[in-house]
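J.:
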Amino acid sequence: MELNRIVNELPHLNVKLNEPLSNYTFTKTGGNADVIIFPKNQEEVIEVTNWTRTNNQPLTILGNASNLIVRDGGIRGVVLILTEMKQVIVDGNGIIVESGRALIDVSYLALEHELSGLEFACGIPGSIGGAVYMNAGAYGGEVVEVIDWVEVVTSEGEVKRYSNEECEFSYRHSIFQTNDDVILSVKFTLKKGNHQEMSEHMDHLMDLRRSKQPLEYPSCGSVFKRPVGHFTGQLIQEAGLQGYRIGGAEISKKHAGFIVNVDGATATDYVELIQFIQETIWERNQVRLETEVRIIGEEVR
Ligand SMILES: Cc1cc2nc3c(=O)[nH]c(=O)nc-3n(C[C@H](O)[C@H](O)[C@H](O)COP(=O)(O)OP(=O)(O)OC[C@H]3O[C@@H](n4cnc5c(N)ncnc54)[C@H](O)[C@@H]3O)c2cc1C
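Below, the structure written as structure tokens:
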């Protein structure tokens, strides 16, 4: 296959062929990727993006795969999983970090250095790249508030730095959802904080998470965005949908905004359950629920 040439042409890269993506997604669902590459540094990302562009192959980027449903037919072309790119530098009030590092790690690193501003992120299980792409947020905080700049490689192979304003952040949105840039690294600018206060606040947020979210099951977090004027969980709860199942996917009994994999769910179970919820809430409340989770890849043929 044309695509397999990448193994010979870029032999120093960590490549897996025909690999199940269910091994990587937080929902434990999803079909196979033709090729997965785990770049160790920014140069390797650029090499791969140059190769896919020159060879006219599709490229898909994954961070921690905590906000993704990959359909059961999998992903054609090359998938880049960035979680081996984890370099981080703390410099004064700034933290410069590569996009594959876990956001949770960075929030605890900030605590260690008494740098305040990322406490809200201590339980968000994404990578830095995924957090920027999604403008991840929780408990009143969002990454937009602490980002200084974001460095990417564009689909033309150019390395480019965006200022915070140029990222066009809004609720669970950034400019990176509208282009093919690969996020390489990010600079956070934080404020001097107090270790004890920060630590107590983070413990409190983690207690809240554990009490409200079904963390004992695989899931992709909140499936839907918050619709203006409503709370998604409340709408789903009032419709009596909690506990409703399709295949092995179930609307969580603990948090109605989550769909949990309780019994060997497929991505198709997830997608059908999402559509069922959207249709039910539209008929009942005339509210359109838009997915926060990204649904990618192909149907089974
Ligand atoms: C239990 C649980 C709790 C959660 N709680 C929260 C929460 O409180 N708040 C919140 O905002 N989210 C939450 N999430 C969702 C998720 O963790 C965030 O959206 C996170 O930011 C996604 O990061 P990721 O690395 O997993 O991205 P992925 O799921 O891997 O990817 C998401 C999207 O980002 C793109 N992407 C990822 N990395 C890059 C990159 N380097 N360059 C370009 N594009 C990239 C992917 O192509 C994809 O379209 C939760 C999820 C779970 C499972």
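In this note's numbering, the protein residues as written are -17 to 283. Yeah, the Cβ is synthetic: ideal placement off N, Cα and C, and Gly gets one too.
(1) Between residue 101 and the rest of its own chain, which residues show a CB-CB distance below 6 Å, the 5 nearest in sequence each way excluded?
(2) So, are the CB atoms of residue 21 and residue 66 less than 8 Å apart?
(3) Hey, would you say the C-beta of residue 156 is under 7 Å away from at least one heavy atom of ligand 1?
(4) For residue -11, which residues does DSSP report across the bridge?
(5) Which whole-angstrom value is the C-beta distance of residue 11 and residue 247, which I expect to be below 8 Å?
(6) To which residues of the same chain is residue -4 closer than 6 Å at the C-beta, ignoring the five residues directly before and after it?
(7) Would DSSP call residue 125 helix, strand or coil?
(8) Which ranges would you report for the beta strand (DSSP E) in the region 67 to 122 if only whole runs of at least 3 residues count?
(9) Can you tell me which of 199, 172, 271, 245 puts its alpha carbon nearest to the alpha carbon of residue 211?
(10) For the beta strand (DSSP E) that contains residue 169, what are its first and last residues?
(11) Going by Cα to Cα distance, which pick from 193, 94, 80 is closest to residue 74?
(12) Suppose you measure from the CA of residue 144 to the CA of residue 47; what does that come to, to the nearest Å?
T.: In terms of the structure at hand:
(1) 180, 183, 184
(2) yes
(3) no
(4) Residue -11 pairs with nothing; no bridge assigned.
(5) 6 Å
(6) 20
(7) helix
(8) 70 to 73, 76 to 80
(9) 271
(10) 164 to 171
(11) 94
(12) 24 Å
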